[in-house]
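All residue numbers for the sequence shown refer to full-length UniProt numbering, where the first residue is 1 and numbers rise by one.
Beneath this line is the structure, given in structure tokens, with notes to follow.
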Amino acid sequence: MNSVVEITDMLGIDYYYVSVAIVGNTLLLEKPKGMVAKNIKRRINLSEIDDVCIIQEKGVSKFAIFYDRNWYTFIDYGNHVVSYLKEALVFS
1 MNSVVEITDM
11 LGIDYYYVSV
21 AIVGNTLLLE
31 KPKGMVAKNI
41 KRRINLSEID
51 DVCIIQEKGV
61 SKFAIFYDRN
71 WYTFIDYGNH
81 VVSYLKEALV
91 FS
């Protein structure tokens with residue numbers, strides 16, 4: 001599934017267009033093949049996620065995780081990425 005992720009660290013906020021997949025106990029965020037976009041390749045160990053926030057704001061769903069001193073925020077723009085992550089990470 002492709003989506004935009006907002007990554008917030010101590011220096012500020014960056015936005016990436018990523019392919020989101022859960023393989024085993026790992027959340028994979030990678031630049032989709034064939035796309036002209038900022039390069040990213042992150043492997044997030046699900047058992048090492050420090051915090052999870054599910055936010056409903058003005059009718060828009062957001063799903064945020066805190067991992068390795070960074071916030072990763074996924075906003076549902078109609079692609080159901082928040083539902084996918086909630087099912088895979090919270091209710092499994």
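Backbone N, C-alpha and C fix where the C-beta goes; we use that ideal spot for every residue, glycine too.
Note that the structure is a prediction, hence the values are computed from the model and not measured.
The C-beta of LEU29 has 16 or more other C-beta atoms within 10 Å across all chains shown, which makes the residue buried. Shown here, ALA37 sits in coil according to DSSP, grouped into three states, outside any helix or strand. For LEU29, the uninterrupted beta strand (DSSP E) segment begins and ends at 26 to 30. Here TYR84 is not bridged, per DSSP, to any residue. For TYR72, the enclosing beta strand (DSSP E) begins and ends at 70 to 75.
With fewer than 16 other Cβ atoms from the protein chains shown falling within 10 Å of its own Cβ, SER83 counts as exposed.
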